[in-house]
Amino acid sequence: MLNDRAKILSALREKPLKVHEVMRRANVANQEACQSLLLKMRDEGAVKFDIHSGQWLLA
Numbered sequence: 356m357l358n359d360r361a362k363i364l365s366a367l368r369e370k371p372l373k374v375h376e377v378m379r380r381a382n383v384a385n386q387e388a389c390q391s392l393l394l395k396m397r398d399e400g401a402v403k404f405d406i407h408s409g410q411w412l413l414a
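The numbering of the sequence shown is the working numbering, which starts it at 356 and goes up by one.
Printed below as a string of structure tokens:
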């Protein structure tokens with residue numbers, strides 16, 4: 356799980372991404388696991404979600 360977290364943060368350093376793009380760049384196969392990890396990271400303040408564009412970005 357920590358490895359997936361590092362991969363997601365690395366993918367988001369380049370530019371804001373949608374969930375499917377995050378999954379592809381971070382090589383996370385399960386969409387539910389990816390979304391739950393993104394939500395947990397959002398609660399911790401590591402990432403943000405832009406509701407207007409539907410993209411995740413670094414906080």
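Beta carbons are placed, not taken as given, at the ideal position from N, Cα and C, and that holds for glycine.
- Within 10 angstroms of the beta-carbon of alanine 366 lie 16 or more other beta-carbons, which makes it buried.
- Rounded to the nearest whole angstrom, the CA to CA distance from glutamate 369 to leucine 412 is 9 Å.
- For valine 402, the three-state secondary structure derived from DSSP is strand.
- Boundaries of the beta strand (DSSP E) harbouring leucine 412: 410-413, taken from the DSSP string.
- Taking 9 Å as the cut-off, the beta carbon of glutamine 390 is found closer than this to the beta carbon of valine 374.
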